[in-house]
């Protein structure tokens, strides 16, 4: 079976790529390290319908499914978009939270044990986009509750990727119950994992493209360093890891969209493979760039540090490996 994109889905991906290339270049991501991100690319995505793809037509959305949205999320990852697309469009919108910039991180520990309170309300959590989100979708025990920005206190937190604008969030109100249905809560977590996997895949592609371009320009001994066998091996390993992860992410989107019995296992497989691809590609990119790749002046660090942050969001490698093992009886 081949998992690829048909013409409609490829057109959505292409549109998102062109839009973000124009409105969210590396300079916009870099600027977000010191201030609230430029809202222009976010508004452009909203105007294009990206935030409402999973919203029913009757509620003003596009009435599409995850297989249409995930390619767009991958392009947001490729651009290192400093806005919470996964949380807003993939997690919150299907739950009826529409028309606002929403941030959330439902917590891997709670997914493993929903009876444990790991969301905000009784214990604080560090969430991305906390500095500018309009609403916070947070887990408390087996519930998901929505808090308006004015109902929480936010303490800025320094993280490896400052463009994510993370903060320690403490609710000051009860918030609004969104759902206490265990299946809905679990599905929301899976969609968050799926979106994060797609973003990691996009970041991997961005780092590989950046590195290939650099190795064609950088010369040693009178030749581009990309012509050296050792460099080719690094780049080939990265490409292989990306190509292994890509169909896993697409199948996970299909499994979630069509309520397949292996949906949870599939999103964990996708997250594990996409995280692995990002790690392999990131190491290759650093190795091929040499010392300049370690500097904050070079754009590589924008994508590399985002990949480090996302690899540990919505469950790390060990969590998802254990989750897959448990589902197949290992």
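In my numbering, the protein residues as written are 105 to 434.
Backbone N, C-alpha and C fix where the C-beta goes; we use that ideal spot for every residue, glycine too.
Which one of the options has the shortest CA to CA distance from residue i?
| i | options | result |
| --- | --- | --- |
| residue 201 | 254, 307 and 241 | 241 |
| residue 296 | 341, 151, 276 and 197 | 197 |
| residue 151 | 255, 272, 123 and 136 | 123 |
| residue 140 | 363, 232 and 422 | 232 |
| residue 148 | 137, 119, 260 and 168 | 119 |
| residue 380 | 156, 229, 350 and 365 | 350 |
Under a Cβ-count criterion, where at least 16 other Cβ atoms within 10 Å of its own Cβ denotes burial, should residue i be classed as buried or exposed?
| i | result |
| --- | --- |
| residue 251 | buried |
| residue 223 | The predicted position of residue 223 is uncertain, since its pLDDT is 36 and thus under 50; no value can be drawn from it. |
| residue 171 | buried |
| residue 325 | exposed |
| residue 437 | No statement about residue 437 is possible, as the shown extent of the chain runs from 105 to 434 and does not include it. |
| residue 438 | A question about residue 438 goes unanswered here, because the residues of the chain that appear run from 105 up to 434. |
| residue 158 | buried |
| residue 144 | exposed |
| residue 394 | exposed |
Could you give the residue range of the beta strand (DSSP E) that holds residue i?
| i | result |
| --- | --- |
| residue 244 | 239 to 244 |
| residue 260 | 256 to 260 |
| residue 272 | 271 to 275 |
| residue 231 | 229 to 231 |
Might you give, ordered along the chain, the residues of its own chain that have their beta carbon closer than 8 Å to the beta carbon of residue i, omitting 5 neighbours on each side?
| i | result |
| --- | --- |
| residue 339 | 312, 315, 316, 319, 330, 388 and 392 |
| residue 390 | 397, 398, 404 and 408 |
Which residues in the same chain as residue i place their Cβ atom closer than 7 Å to its Cβ, once the five residues preceding and following it in sequence are excluded?
| i | result |
| --- | --- |
| residue 382 | 304, 307, 308, 411 and 415 |
| residue 249 | 225, 242, 279, 280, 281 and 282 |
| residue 385 | 308, 311, 312, 342, 345 and 346 |
| residue 113 | 171, 172 and 175 |
Leaving out five residues before and five after residue i in sequence, what residues of the same chain have Cβ atoms less than 6 Å from its Cβ?
| i | result |
| --- | --- |
| residue 335 | 319, 329 and 392 |
| residue 368 | 294 |
| residue 427 | 372 |
Which of the three DSSP states, helix, strand or coil, is assigned to residue i?
| i | result |
| --- | --- |
| residue 401 | coil |
| residue 322 | coil |
| residue 436 | Because the chain in this structure spans residues 105 to 434, residue 436 falls outside the shown range and cannot be described. |
| residue 433 | coil |
| residue 280 | strand |
| residue 248 | strand |
| residue 263 | coil |
| residue 182 | helix |
| residue 327 | strand |
State the start and end residues of the unbroken alpha helix (DSSP H) segment that holds residue i.
| i | result |
| --- | --- |
| residue 198 | From DSSP, residue 198 is part of no alpha helix (DSSP H); its letter is neither H nor E. |
| residue 351 | 333 to 361 |
| residue 144 | 144 to 151 |
| residue 168 | Note, residue 168: premise wrong, no alpha helix (DSSP H); not H, not E. |
| residue 386 | 367 to 393 |
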